[in-house]
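Step one of this worksheet: look at the structure below.
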Amino acid sequence: MSFTYDFAVNAAISRVRLAIGDVTRDSGVKPDGSNFSDAEILAILTETGNDLDAATYVFLKALANIWGTYVDITVGPRKEALSDIAFHYAKRAAEMGKQTGLSAKSFSALLNRVDGYSEANS
Numbered sequence: 767m768s769f770t771y772d773f774a775v776n777a778a779i780s781r782v783r784l785a786i787g788d789v790t791r792d793s794g795v796k797p798d799g800s801n802f803s804d805a806e807i808l809a810i811l812t813e814t815g816n817d818l819d820a821a822t823y824v825f826l827k828a829l830a831n832i833w834g835t836y837v838d839i840t841v842g843p844r845k846e847a848l849s850d851i852a853f854h855y856a857k858r859a860a861e862m863g864k865q866t867g868l869s870a871k872s873f874s875a876l877l878n879r880v881d882g883y884s885e886a887n888s
């Protein structure tokens with residue numbers, strides 16, 4: 767899995783990483799601490815026509831979905847509110863959607879998959 771956070775090498779990938787907070791190799795934004803790969807970011811940039819705001823929106827929504835599967839953990843007096851992480855990513859995505867005109871409806875249109883299960887033929 768390739769990871770680049772270097773504006774001189776690829777500014778578009780780095781700008782998306784900066785916007786979602788995925789800037790440190792092996793200490794990423796996913797629950798397992800991994801980073802999004804360069805290939806994932808490039809694929810979304812391509813799908814969105816290199817629209818950095820749209821790509822950022824897609825990743826914020828994805829992070830809200832990924833973190834949304836985690837529940838809060840309480841052990842004795844200690845509590846980890848993992849659901850709060852999903853809430854904050856969803857909130858950031860909603861705010862960005864309002865600022866840029868993107869919405870949940872446009873989110874699904876940005877990710878038109880072409881595989882054995884999608885309805886797309888090309």
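767 is the number of the first residue of the sequence shown in the working numbering; add one for each residue after it.
Built from N, CA and C at the ideal position, the CB exists for glycine as well.
Two segments are said to touch when three or more pairs of C-beta atoms, one from each, lie closer than 8 Å; by this definition the segment 775-788 touches the segment 816-829. When C-beta atoms of the segment 806-825 are compared with those of the segment 858-869, three or more pairs fall below 8 Å, so the two segments count as touching. Secondary structure at T840: strand, using DSSP grouped into helix, strand and coil. Only residues of its own chain outside the window of five on either side were considered, and among them D838 have a CB closer than 7 Å to the CB of A847, listed in chain order.
Under the three-state reduction of DSSP output, K857 falls in the helix class.
When secondary structure is reduced to three states using DSSP, K864 falls in the helix class. Rounded to whole angstroms, the gap between the alpha carbons of D804 and G794 is 13 Å. Taking C-beta atoms under 8 Å as the contact rule, F769 and N801 qualify, at a distance of about 5 Å.
For K796, there is no enclosing alpha helix (DSSP H), as DSSP marks it with neither H nor E.
Residue pairing of K845 in beta bridges, as defined by DSSP: T840.
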